[in-house]
Amino acid sequence: GVANGAEITAKSNPGDPRSTPDKPGDWLADAGKAPIPDKPLKDLFAGADAFAAVEGSLNEAQVAFVQDQTGEALTEDDKVTTFYFAVAQGKRYGVAQFIRVEGKKQPMSVAVALDTKGQITAVRVLKSKEDKRFGDELFLTQFVGKTIKDPLKVGTDVTAVSGEDALSQTFSTEVRKALGIVQAVFGKR
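With positions in the sequence shown counted from 1, the corresponding number in my numbering is that position plus 1141.
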């Protein structure tokens, strides 16, 4: 019985009949908070006591830095990212990003974890319909220890999944972009 505009102004939920301008409820209590994907983060950071998330948009200087470092244009999704911090004994000791790698069948969902020095500590394929070898430790562990200074090029410092050179390079490029984004936002330059 109340106009949607009036409900929105009163911070009640126009789609919920229990939420009215007089009794809006707490449906906005978690607004603006990024959900924490505990399971994949615990796999990336086994020693973490807790996780925290920060969402943000890269500014023009940060976008330019990443593009300069990687030689790759950033998508709109790349420019708006969520960083997941691993916390132990009250201190942040690592950060993770969840990235998208365009596959031949469908995009792969990939997690990239870094330490406070900007080195990769783990890479995991979370969801994929591509060749299962992309999720194998043999392929993924070669990224561990890499930094933004490493080229992450197939044939140089990355060994491709056999017969999948192009997709292996796409995977490597997206991991390198994740490195660049973390460096642009949190690193010393």
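Here a beta-carbon is modelled for each residue, glycine too, at the ideal position from N, C-alpha and C.
{"Check": "Cβ pair count under 8 Å reaching 3, the stretch 1211-1225 against the stretch 1320-1328", "Outcome": "yes"}
{"Check": "Boundaries (first-last residue) of the beta strand (DSSP E) holding residue 1226", "Outcome": "1221-1229"}
{"Check": "Bridge-paired residues (DSSP) for residue 1250", "Outcome": "1241, 1268"}
{"Check": "Element boundaries [alpha helix (DSSP H), containing residue 1197]", "Outcome": "No alpha helix (DSSP H) holds residue 1197; the beta strand (DSSP E) holding it covers 1191-1198."}
{"Check": "Residue 1318, DSSP secondary structure in three states", "Outcome": "helix"}
{"Check": "Residue 1167, buried or exposed, once every other Cβ within 10 Å from all chains shown has been counted against 16", "Outcome": "exposed"}
{"Check": "Residues near residue 1320 by beta carbon distance below 6 Å, same chain, minus five either side", "Outcome": "1289"}
{"Check": "Cα-Cα separation between residue 1191 and residue 1228, rounded to whole angstroms", "Outcome": "5 Å"}
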